[in-house]
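Q:
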Amino acid sequence: AKKRESGDTHYLACAMQSGVIHVLSGFSLKVETTIEKTFIDPNDSKSPVTSLQTSSDGNWLACIRNGGDISIYNLQTLELHTQIPMALLGNSKPCACGFHKADNNNLVIVCNDNRFYVYSVAERQISNWSAANSEKIPAAITNHASRIRGLCFNKSQPDIFCLWSPSFMLFVDTTKRVALASEKQTKKELYKPSEKRVKDLGLKIKDCYRPLVSAEYIGENEIVVVESPWIKVMQHFPNVLHRKRYGGNN
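Anchor point for the sequence shown: position 107 equals 108 in the numbering used here, and the numbering is continuous, going up by one each time.
#1: Ignoring anything shorter than 3 residues or poking outside the segment 93-129, list the beta strand (DSSP E) runs there in chain order.
#2: Short of 7 Å in beta carbon distance, which residues of its chain neighbour Ile142, apart from the five on each side in sequence? Order them along the chain.
#3: Assign Gly8 to one of two classes, buried (16 or more other C-beta atoms within 10 Å of its C-beta) or exposed (fewer than that).
#4: Should Asn134 and Val179 be called a contact, given that it needs their Cβ atoms to be closer than 7 Å?
#5: May I have the straight-line CA-CA distance separating Glu339 from Met17, to the nearest angstrom?
#6: Would you list the one or two residues that DSSP bridges to His23?
#7: Alpha carbon to alpha carbon, what distance is there between Val173 and Glu190?
#8: Beta-carbon separation of Leu76 and Leu90 under 7 Å?
#9: Count the other CB atoms within 10 Å of the CB of Ser117; is the residue buried (16 or more) or exposed (fewer)?
#10: Go through its chain and collect everything with a Cβ distance to Ser147's Cβ below 7 Å, but skip five positions before and after it.
#11: Quick one: is Arg66 buried, meaning 16 or more other Cβ sit within 10 Å of its Cβ, or exposed?
#12: Using C-beta distances below 8 Å, list every residue in its chain close to Tyr192, excluding the 5 sequence neighbours before and after it, in chain order.
#13: How long is the line joining the alpha carbons of Ala103 and Gln158, rounded to whole angstroms?
#14: Between the beta-carbon of Trp130 and the beta-carbon of Thr78, is there less than 7 Å?
#15: For Leu81, count neighbouring Cβ atoms within 10 angstroms of its own Cβ and tell me buried if that reaches 16, exposed if not.
#16: Could you compute how far the alpha carbon of Ser72 sits from the alpha carbon of Thr83?
#17: Could you have a look at Tyr210 and say whether DSSP puts it in helix, strand or coil?
#18: Near Gly99, which residues of its chain fall below 6 Å by C-beta distance, leaving aside the five closest residues on each side in sequence?
#19: If I follow the unbroken beta strand (DSSP E) through Ile85, where does it start and stop?
#20: At what residues does the beta strand (DSSP E) containing Ile71 begin and finish?
#21: Would Val227 pass as a contact of Ile219 if the rule is Cβ separation under 7 Å?
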C-alpha cells in the first residue's frame with residue numbers, strides 16, 4: 002500500500018492479489034473511509050501486483066504486475082495514464098521501479114537482468130538518455146551474479162539515482178554517456194574512485210556494504226544502508242560435507 006497527500010486530501014492505494022488496485026480516501030475520525038477508485042488490470046490478466054510506487058508530488062501511481070507490464074495512473078484524474086509493455090524494455094521483465102524525488106516525471110525501471118531504463122511519464126516514452134544508453138550497460142553489471150533489488154534517490158541530485166543489490170550499489174549519472182572501450186577495462190573503471198578514472202562512464206559501483214538488505218535516502222546527501230549480519234547469513238549455510246582434520250591424512 003502507498004499513501005499520497007494533496008492539500009486536505011489523503012489517498013491510500015492498496016494492491017490486491019488479483020491485480021486490482023483500490024484507491025481509498027478519508028482517514029480521520031470525522032470522515033468515513035471510502036473507495037474513490039478501483040483500477041483493474043488493463044490486460045485482464047489478473048496478475049498480482051509486485052511493486053506499487055507513488056511520485057513524491059502525489060500525481061502519479063505506478064505498478065508492476067507479475068505478467069511484466071507496468072501501468073501508470075494519474076491520481077489527479079484517477080484514470081489510467083499509460084502502460085509500458087515489456088517490449089519497450091528489450092523484453093526484460095521489470096522487478097522494481099521508482100519516481101525520482103527531484104523530478105517526478107522520471108520513472109526509473111529496473112529489470113531482472115540488471116538492465117535499467119528511465120521513462121518520461123508525461124511524454125509517455127523512454128527518455129533520451131535511456132534511448133541512447135540503456136542497451137549499452139556493461140556486461141559487468143548485467144551479468145553480475147547479484148541481482149538489483151531496489152533503488153533510491155537523492156533529492157539534491159536530479160540527474161543521479163542509486164540502484165542496489167545485496168553485494169553492490171550502483172550510482173548512475175544521466176548527464177554522462179555510457180561509452181565502452183573493452184569490457185575488461187570497463188569493469189576496472191566501474192570500481193575506481195572518480196578522481197582516478199581514465200574515462201567517466203556515468204556509472205560508479207560501491208561494494209563496501211554487504212550483504213545489503215536495504216538503502217534509502219532520508220535527506221539531501223544522507224543515505225541509510227542496512228546490512229545483514231554475517232552470523233545471520235551463516236545460519237542458512239548447509240551442513241559441512243567434508244571437514245579436514247589438522248594433523249591427519251584425510
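All C-beta atoms, glycine included, are put in the ideal place defined by N, C-alpha and C.
A: The structure says:
#1: Segments of the beta strand (DSSP E) lying fully in the segment 93-129: 95-100, 107-112, 117-121.
#2: Within its own chain, the residues whose Cβ lies closer than 7 Å to the Cβ of Ile142, once the five positions on either side in sequence are excluded, are Asn115, Leu171, listed in chain order.
#3: In this prediction, Gly8 scores a pLDDT of 45, lower than 50, which makes its location untrustworthy; no coordinate-derived value is stated.
#4: In contact: Asn134 and Val179 (Cβ atoms closer than 7 Å).
#5: Residue 339 lies beyond the range of the chain shown here (2 to 251); nothing can be said about it.
#6: His23 has Cys15, Thr39 as its beta-bridge partners, per DSSP.
#7: Cα-Cα distance, rounded: 14 Å.
#8: For Leu76 and Leu90, no; Cβs fall outside 7 Å.
#9: Per the sequence presented here, residue 117 reads as Phe, with Ser not at that position. Classification for Phe117: buried.
#10: If you ignore the 5 residues before and after Ser147, its C-beta comes within less than 7 Å of the C-beta of Ser166, Pro167, Ser168, Phe169, all in its own chain and listed in chain order.
#11: Counting the other CB atoms within 10 Å of its CB gives Arg66 a total of 16 or more, which places it among the buried residues.
#12: Result list for Tyr192: Ile206, Asp208, in chain order.
#13: Linking Ala103 to Gln158 through their CA atoms gives a straight-line distance of about 7 Å.
#14: No; because the gap between Cβ atoms is not below 7 Å, this pair is not in contact.
#15: Classification for Leu81: exposed.
#16: Cα to Cα, Ser72 sits roughly 6 Å from Thr83.
#17: When DSSP states are grouped into helix, strand and coil, Tyr210 belongs to the coil group.
#18: Cβ neighbours of Gly99 beyond the five flanking positions: Gln54, Val109, Leu152.
#19: From DSSP, the beta strand (DSSP E) with Ile85 extends over 80-85.
#20: Run containing Ile71: 71-75, per the beta strand (DSSP E) assignment.
#21: No, they are not a contact pair.
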